Amino acid sequence: MGTGVDVLEAGAGPPVVLLHSSVSGNRQWKALVADLRDRHRVLAPNLLGYGATPPFDGAGPQRLTDQAALVHAVLEGVDEPVALVGHSFGGAVAMRAAVELGDRVRALVLLEPNPVALLARDGRDDAFAEACALRDHVQRHGTAGTWTEAAPRFADYWLGDGSWDAMSASRRAAFVAALPPNRHEWDAVTDPAMTIDDVAPHDVPTLVVHDPATRRPIREVVEVLAAARPAWRSATVDGGGHMAPLVRPDLVNPLVTAFLAAS
Numbered sequence: 065m066g067t068g069v070d071v072l073e074a075g076a077g078p079p080v081v082l083l084h085s086s087v088s089g090n091r092q093w094k095a096l097v098a099d100l101r102d103r104h105r106v107l108a109p110n111l112l113g114y115g116a117t118p119p120f121d122g123a124g125p126q127r128l129t130d131q132a133a134l135v136h137a138v139l140e141g142v143d144e145p146v147a148l149v150g151h152s153f154g155g156a157v158a159m160r161a162a163v164e165l166g167d168r169v170r171a172l173v174l175l176e177p178n179p180v181a182l183l184a185r186d187g188r189d190d191a192f193a194e195a196c197a198l199r200d201h202v203q204r205h206g207t208a209g210t211w212t213e214a215a216p217r218f219a220d221y222w223l224g225d226g227s228w229d230a231m232s233a234s235r236r237a238a239f240v241a242a243l244p245p246n247r248h249e250w251d252a253v254t255d256p257a258m259t260i261d262d263v264a265p266h267d268v269p270t271l272v273v274h275d276p277a278t279r280r281p282i283r284e285v286v287e288v289l290a291a292a293r294p295a296w297r298s299a300t301v302d303g304g305g306h307m308a309p310l311v312r313p314d315l316v317n318p319l320v321t322a323f324l325a326a327s
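Just so we're aligned, residue 65 is where the sequence shown starts under my numbering, counting upward by one.
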């Protein structure tokens, strides 16, 4: 296993790598691991700065390939074709890892993926500006070290309006503590050099899952992907929001497990 990568491993069978969202960790996959472990070897790394995985070194802007290196590390010694599942930022990482791994990937599942740089490439300036406004908010407070000021807006944007006010004090503290890696993750998903071919493999069976009422940048990323890769399959989860993989695993996980079985 890759040195320095904090990874949860369970089950046996064809390997599946699960890549979590920002301000989360591999613990977000508890229910999906339980659903997969009887048929798959599940590998769920913590991304840079989460759990015991070292933080990003900060030497220049983070790029998706920096995070995809963790996937290569956890697959060291794995010779079988692998499936990748990623949520939000983890979805963007899974996309880049799939391109880098090439024909080693047998299936790709993207849950509300966020490679928002593709919006700028496609002329979707308003959606890109909305994402960049949140990026700038997080990075401004990250530079100042005022993470408690960054957290409410971030939480309400991705978890739903009013989420911060509804959190207990302990939940707020945990959220703030998990937020710092996101400062660098924004650089990765808004990389101005990113092209569709950098993150969207041509020949990998792929399922994209989203809530039609999710935030505009994600909706439009899904539209860009659908136009660029018409062979990819799509599925919707109504009412789950951006965090449906965590708050509505009863809706999301059957879609994931069925697609992996069919692939």
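C-beta: ideal position from N, C-alpha, C; glycine also. On a predicted model such as this, the values are computed, not experimentally measured, just so you know.
| N-terminal and C-terminal residue of the alpha helix (DSSP H) that Ser234 is part of | Translated into the one-based positions of the sequence shown, residue 234 becomes position 170. Run containing Ser234: Ala233 to Ala242, per the alpha helix (DSSP H) assignment.
| task | Give the straight-line distance between the Cα atoms of Leu315 and Val285, rounded to the nearest whole angstrom. | result | Locating residue 315 in the sequence shown gives position 251, counting from the first residue. Locating residue 285 in the sequence shown gives position 221, counting from the first residue. Spanning the two alpha carbons is a distance of roughly 21 Å.
| message | Am I right that Ala252 and Gln126 are in contact with their C-beta atoms under 8 Å? What's the rounded C-beta distance? | response | Here residue 252 is taken as the residue at index 188 of the sequence shown, counted from 1. Here residue 126 is taken as the residue at index 62 of the sequence shown, counted from 1. With 8 Å as the limit, Ala252 and Gln126 qualify as a contact, their Cβ atoms being about 5 Å apart.
| Ala291 burial status per 10 Å Cβ neighbour count (16 or more: buried) | Sequence index remark: in the sequence shown, residue 291 carries index 227 (1-based). That one is exposed.
| Taking the C-alpha atoms as reference points, what is the distance between Gly122 and Thr270? | Translated into the one-based positions of the sequence shown, residue 122 becomes position 58. Translated into the one-based positions of the sequence shown, residue 270 becomes position 206. One C-alpha to the other measures close to 32 Å.
| Looking only at its own chain, which residues have a Cβ that is under 6 Å from the Cβ of Pro109, when we skip the five neighbours before and after it? | For the purposes of this step, residue 109 is taken as residue 45 along the sequence shown, with counting starting at 1. Excluding residues within five positions, the ones whose Cβ falls inside 6 Å are Val69, Val71, Leu134 and Val138.
| said: Would you call the region 266-281 in contact with the region 168-187, where contact means no fewer than 3 C-beta pairs closer than 8 Å? | reply: yes
| query | How big is the Cα-Cα spacing for Glu194 and Ala76? | reply | Counted from its first residue, the sequence shown places residue 194 at position 130. Counted from its first residue, the sequence shown places residue 76 at position 12. Taking the CA atoms as reference points, Glu194 sits about 42 Å from Ala76.
| message | From the DSSP secondary-structure annotation, give me the bridge partner or partners of Thr300. | response | The residue labelled residue 300 in the question sits at position 236 within the sequence shown. Beta-bridge pairing links Thr300 to His274.
| query | Mind checking whether Asn246 and Ser88 have CB atoms under 8 Å apart? | reply | In the sequence shown, residue 246 corresponds to position 182, counting from 1. In the sequence shown, residue 88 corresponds to position 24, counting from 1. Contact flag unset, no.
| Regarding Asp220 and the ligand HEM, is the C-beta to nearest heavy atom distance less than 7 Å? | No copy of the ligand HEM appears in this structure; indeed no ligand is present at all.
| field | Nearest residue (CA-CA) to Val268, options Ala132, Leu324, Val301 and Ala208 | value | On the sequence shown, position 204 is the one that residue 268 refers to. Among Ala132, Leu324, Val301 and Ala208, the Cα nearest to that of Val268 belongs to Leu324.
| Burial state of Pro281 (16 or more Cβ within 10 Å) | Residue 281 sits at position 217 when you count from the first residue of the sequence shown. Result: buried.
| task | In the DSSP assignment, find the unbroken beta strand (DSSP E) run with Gly150 in it and report its ends. | result | Along the sequence shown, one-based indexing puts residue 150 at 86. Run containing Gly150: Val146 to His151, per the beta strand (DSSP E) assignment.
| Contact check, Ala181 vs Pro265 under 8 Å by CB: the rounded distance? | Locating residue 181 in the sequence shown gives position 117, counting from the first residue. Locating residue 265 in the sequence shown gives position 201, counting from the first residue. The Cβ separation is near 17 Å, so there is no contact.
| query | Can you tell me the Cα-Cα spacing of Leu128 and Leu111, whole angstroms? | reply | For the purposes of this step, residue 128 is taken as residue 64 along the sequence shown, with counting starting at 1. For the purposes of this step, residue 111 is taken as residue 47 along the sequence shown, with counting starting at 1. Cα to Cα, Leu128 sits roughly 11 Å from Leu111.
| said: Is Ser227 close to chain C? Criterion is C-beta to C-beta, closer than 8 Å. | reply: This model lacks chain C altogether, as it is built from one protein chain only.
| request: Answer yes or no: do Ala191 and Leu198 have a C-beta to C-beta separation smaller than 8 Å? | output: Position 127 of the sequence shown, counting from 1, holds the residue named residue 191. Position 134 of the sequence shown, counting from 1, holds the residue named residue 198. Contact: no.
| field | Sequence-distant residues of its chain with Cβ nearer than 8 Å to Met159 (five each side left out) | value | Counted from its first residue, the sequence shown places residue 159 at position 95. Within the same chain, Met159 has close Cβ partners Leu128, Gly150, Leu172, Leu174, Pro177, Pro179, Val263, Ala264 and Pro265.
| field | Assigned exposure category for Ala238 - 16 Cβ within 10 Å defines buried | value | Here the question's residue 238 lines up with position 174 in the sequence shown. Counting Cβ neighbours within 10 Å, Ala238 comes out exposed, since fewer than 16 surround it.
| In three-state terms, what does DSSP make of Leu128? | Sequence index remark: in the sequence shown, residue 128 carries index 64 (1-based). It is helical.
| request: Give every residue of the same chain whose Cβ lies closer than 8 Å to the Cβ of Ser300, excluding the five residues on either side of it in the sequence, and list them in chain order. | output: Position 236 of the sequence shown, counted from the first residue, corresponds to residue 300. What sits at residue 300 in the sequence shown is Thr, not Ser. Counting only Cβ-Cβ distances below 8 Å, and skipping sequence neighbours, we find Val273, His274, Asp275 and Pro276.
| query | Between Arg103 and Pro78, what straight-line distance do the alpha-carbon atoms span, to the nearest angstrom? | reply | Along the sequence shown, read from residue 1 onward, the residue named residue 103 stands at position 39. Along the sequence shown, read from residue 1 onward, the residue named residue 78 stands at position 14. For Arg103 and Pro78, the distance between alpha carbons rounds to 7 Å.
| request: From the DSSP output, in three-state form, read off Arg279 for me. | output: Translated into the one-based positions of the sequence shown, residue 279 becomes position 215. Correct three-state label for Arg279: coil.
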